[in-house]
Amino acid sequence: RRLTYIAALMRCFPGRNKQDTGDRPPPPAGMANCAHWLDAELRLLKPRVLILVGQMAISRFLGPAALEERVGKSFGKRPVMIRCRILRVRIAGSTCPRIATVSSRRSRSSPSSVQTWPGEISTHLLRRTHARDPGGAGARHEAVDDVVRKAGSRGHRSGQPVLRLCEQGQARRRGGERAGRPARVRLQHHRGAVAGGRDQAGEGLSRDQGRRPGRGLRNLQRDVALPAFFGRREGDRVVIEGGDARHLARSLRARPGEHIQVVDPDGLMLTVRLESVSALKVEGVIAAEREHNPEPTRHVIVGISHLPAASLELVLSRCTEVGASAFHIVQAQRSVARGARQERWQTIIREAAMLAGRLRVPIVAGPSPLAEVLEERPNPVMLVRGAPTPLAAMPRPREVTLLIGPEGGWTEQELTMVSDQAGLGPRNLRADTAAIVATAIAAGL
Numbered sequence: 061r062r063l064t065y066i067a068a069l070m071r072c073f074p075g076r077n078k079q080d081t082g083d084r085p086p087p088p089a090g091m092a093n094c095a096h097w098l099d100a101e102l103r104l105l106k107p108r109v110l111i112l113v114g115q116m117a118i119s120r121f122l123g124p125a126a127l128e129e130r131v132g133k134s135f136g137k138r139p140v141m142i143r144c145r146i147l148r149v150r151i152a153g154s155t156c157p158r159i160a161t162v163s164s165r166r167s168r169s170s171p172s173s174v175q176t177w178p179g180e181i182s183t184h185l186l187r188r189t190h191a192r193d194p195g196g197a198g199a200r201h202e203a204v205d206d207v208v209r210k211a212g213s214r215g216h217r218s219g220q221p222v223l224r225l226c227e228q229g230q231a232r233r234r235g236g237e238r239a240g241r242p243a244r245v246r247l248q249h250h251r252g253a254v255a256g257g258r259d260q261a262g263e264g265l266s267r268d269q270g271r272r273p274g275r276g277l278r279n280l281q282r283d284v285a286l287p288a289f290f291g292r293r294e295g296d297r298v299v300i301e302g303g304d305a306r307h308l309a310r311s312l313r314a315r316p317g318e319h320i321q322v323v324d325p326d327g328l329m330l331t332v333r334l335e336s337v338s339a340l341k342v343e344g345v346i347a348a349e350r351e352h353n354p355e356p357t358r359h360v361i362v363g364i365s366h367l368p369a370a371s372l373e374l375v376l377s378r379c380t381e382v383g384a385s386a387f388h389i390v391q392a393q394r395s396v397a398r399g400a401r402q403e404r405w406q407t408i409i410r411e412a413a414m415l416a417g418r419l420r421v422p423i424v425a426g427p428s429p430l431a432e433v434l435e436e437r438p439n440p441v442m443l444v445r446g447a448p449t450p451l452a453a454m455p456r457p458r459e460v461t462l463l464i465g466p467e468g469g470w471t472e473q474e475l476t477m478v479s480d481q482a483g484l485g486p487r488n489l490r491a492d493t494a495a496i497v498a499t500a501i502a503a504g505l
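Using the working numbering, the letters of the sequence shown map in sequence onto residues 61 to 505.
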């Protein structure tokens, strides 16, 4: 339970109004939602002091009387109501920080008497431990008054950012103000929240563990190879648009001057130095190029039965990495899944092609009946458990269509539709496993 409830934390309605105060009136739905959560938090926190901050504080659209009435109905008492223009926070090391108000004006008179402080109100974090306050009642009013007197003598500086952790407080904490006692304090580093006993100064992660200014693309805190991107070559320049540009700008946080790998469909891997990076378009200059031809010599079309989503997506991804040239979803008689998700399937294939450094992105077609697939695709070979001829011993034309059955297997009618049948051994394999193994064998890996 906190001693102070800062109503400013509830007035998150950014924008600009005519007075250019940085706030705009919330819509009616936002006001109702704010009132609902305000009631819930007041019942939970049971504050003794309410600080109403800013030009559009909660009391402006709920009303001071309404705000005090809510608190009075919940707890049978009225809190201290303070209104100010700017709130300034000052940090002090503490095992269990609690906020206390700092102002020279407090009132408990009437429900509508909210005191106004025409400047900044400084706040201070008080130390409070559970041993000293087992009931969770918070700091005493005498402690609040003491902080009020000290803050009044210190005054304030104009232009202090709202709710800013001032540099002086951070410096004192780093200097080991409480070095004799292991403290649990808030960290300055954005990737940590609390420091334990081994970090008494509260510095958080070491400098080399964070994001260094000279570091390259974000790579999950370890040096791993980034995928090669697909781009459009324009002379000695490369342009990347669409989802790849968003991925570079937002996920990988690419910056101008960094280098990435871009695949040229003509059989080249380009090293590109970025010049401009945005979520809409990424442009760069070709710094180097080398030959790159990872495509298999055989054209393997994977005719996979319509499997459940997880298994089918695994087949599309892994077979693309292995070297599949195209996919055709077969709606077999025992297929459980229904419907087409072409956009998602193509996205999965594209991501796998980027990871594998493929020159081209395979195309997925279907779902189609088996008879239609046999008419459109050349040299079909059906994988059947227990077939006398293994797939590795089959003739290897330059273009082949592998037909992998559903989880329940092919029906007798479907088996009679294909004359060339091959097996992968005496063991019973899952459909997704069989597709990956068969693609690797047919591609000649």
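Note that beta-carbon positions come from the ideal geometry of N, C-alpha and C, so glycine has one too.
Exercise. Taking only runs of the alpha helix (DSSP H) that begin and end inside the region 412-439, which ones reach a length of at least 4 residues, in chain order?
Worked result: 430-436
Problem set entry | C-alpha distance - Val322 paired with Arg458, whole-angstrom precision | 28 Å
Exercise. Over what stretch of residues does the beta strand (DSSP E) that includes Gln473 continue unbroken?
Worked result: That residue, Gln473, is in no beta strand (DSSP E); its alpha helix (DSSP H) goes 472-475.
Exercise. If you follow the alpha helix (DSSP H) that Gly303 is part of, which residue opens it and which one closes it?
Worked result: 303-306 is the extent of the alpha helix (DSSP H) around Gly303.
Problem set entry | Cα-Cα separation between Ala453 and Ala491, rounded to whole angstroms | 21 Å
For this session: Answer yes or no: do Ala392 and Pro466 have a C-beta to C-beta separation smaller than 9 Å?
Result: yes
Exercise. For the candidate residues Val298, Ala413, Thr357, Met329, whose alpha-carbon lies nearest to that of Ser336?
Worked result: Val298
Exercise. When the Cα of Ile320 is compared with those of Arg306, Arg310, Leu340, Gly344, which residue comes out closest?
Worked result: Gly344
Exercise. In this structure, does DSSP put Leu334 in helix, strand or coil?
Worked result: strand
Exercise. In chain order, what residues of the same chain lie with their CB nearer than 6 Å to the CB of Glu301, ignoring the 5 residues before and after it?
Worked result: Lys341
Exercise. To the nearest angstrom, how far is it from the Cα of Ala494 to the Cα of Trp470?
Worked result: Distance between the alpha carbons of Ala494 and Trp470 is about 14 Å.
Exercise. Counting Cβ pairs closer than 8 Å, one from the region 362-369 and one from the region 473-482, do we hit at least three?
Worked result: no
Exercise. Is the Cβ-Cβ distance between Ala498 and Gly383 less than 9 Å?
Worked result: no
Exercise. With 16 other CB atoms within 10 Å as the buried threshold, where does Thr461 fall?
Worked result: Only buried fits Thr461, as 16 or more other CB atoms lie within 10 angstroms of its CB.
Problem set entry | Helix, strand or coil at Val342 [DSSP, three-state] | strand
Exercise. Taking one C-beta from the region 436-453 and one from the region 403-411 each time, how about it: are there three or more such pairs within less than 8 Å?
Worked result: No, because fewer than three Cβ pairs between the region 436-453 and the region 403-411 fall closer than 8 Å, the two stretches do not touch.
For this session: Put Ala494 into one of helix, strand or coil per three-state DSSP.
Result: helix
Exercise. What's the gap between the Cα of Ala502 and the Cα of Pro450?
Worked result: 11 Å
Problem set entry | Outcome for Ala348 when other beta-carbon atoms lying within 10 angstroms are tallied against a minimum of 16 | exposed
Exercise. Start and end of the beta strand (DSSP E) containing Val362?
Worked result: 359-365
Exercise. Roughly how many whole angstroms lie between the Cα atoms of Leu312 and Leu434?
Worked result: 43 Å
For this session: Report the rounded CA-to-CA distance for Gly291 versus Thr380, giving the unit in angstroms.
Result: Straight across, the Cα-Cα distance linking Gly291 with Thr380 is about 19 Å.
Exercise. Where does the unbroken alpha helix (DSSP H) through Thr380 begin, and where does it stop?
Worked result: 369-382
Exercise. Among Glu432, Pro429, Glu355, which residue has its Cα nearest to the Cα of Pro325?
Worked result: Glu355
Exercise. At which residues does the beta strand (DSSP E) containing Ala386 begin and terminate?
Worked result: Element bounds for Ala386: 386-390.
Exercise. Who are the Cβ neighbours of Asn488 in its own chain at under 7 Å, not counting the five residues just before and after it?
Worked result: Arg445
Problem set entry | Contacts around Asn513, its chain only, beta-carbon distance under 7 Å, and the 5 residues preceding and following it disregarded | Outside the shown range of the chain, which is 61 to 505, sits residue 513, and nothing can be said about it.
For this session: Using alpha carbons as the reference points, say which of Arg420, Ala412, Ile389, Gly303 lies closest to Glu508.
Result: What the structure shows of the chain is the stretch from 61 to 505, and residue 508 is not part of that stretch, so it cannot be assessed.
Exercise. From Leu41 to Glu101, what does the alpha carbon distance come to, in whole angstroms?
Worked result: Any property of residue 41 remains undetermined from this structure, which presents the chain solely from 61 to 505.
Problem set entry | Inter-residue Cα distance where the pair is Val245 and Leu104 | Here Val245 scores only 41 on pLDDT, less than 50, and its place in the model should not be relied on; the value that follows carries that caveat. Using only the alpha carbons, I get a separation of about 24 Å.
Exercise. Quick one: Cα of Phe387 to Cα of Trp97, how far?
Worked result: 51 Å
Problem set entry | Residues bridged to Leu462 (per DSSP) | Per DSSP, the beta-bridge partners of Leu462 are Val362, Val441.
Exercise. Any idea if Pro422 is buried or exposed, counting beta-carbon neighbours within 10 angstroms, 16 or more meaning buried?
Worked result: buried
Problem set entry | Spatially closest choice to Met442 from Glu436, Thr476, Ala413, Pro427, by CA coordinates | Thr476
Problem set entry | Inter-residue spacing [alpha-carbon to alpha-carbon] between Ala420 and Asn353 | For the sequence presented, residue 420 should be read as Arg rather than Ala. The straight-line gap from Cα to Cα measures roughly 10 Å.
Exercise. Hey, would you say the C-beta of Gly302 is under 8 Å away from at least one heavy atom of the ligand ZN?
Worked result: In the structure shown, the ligand ZN is absent, as is every other ligand, since no ligand is present at all.
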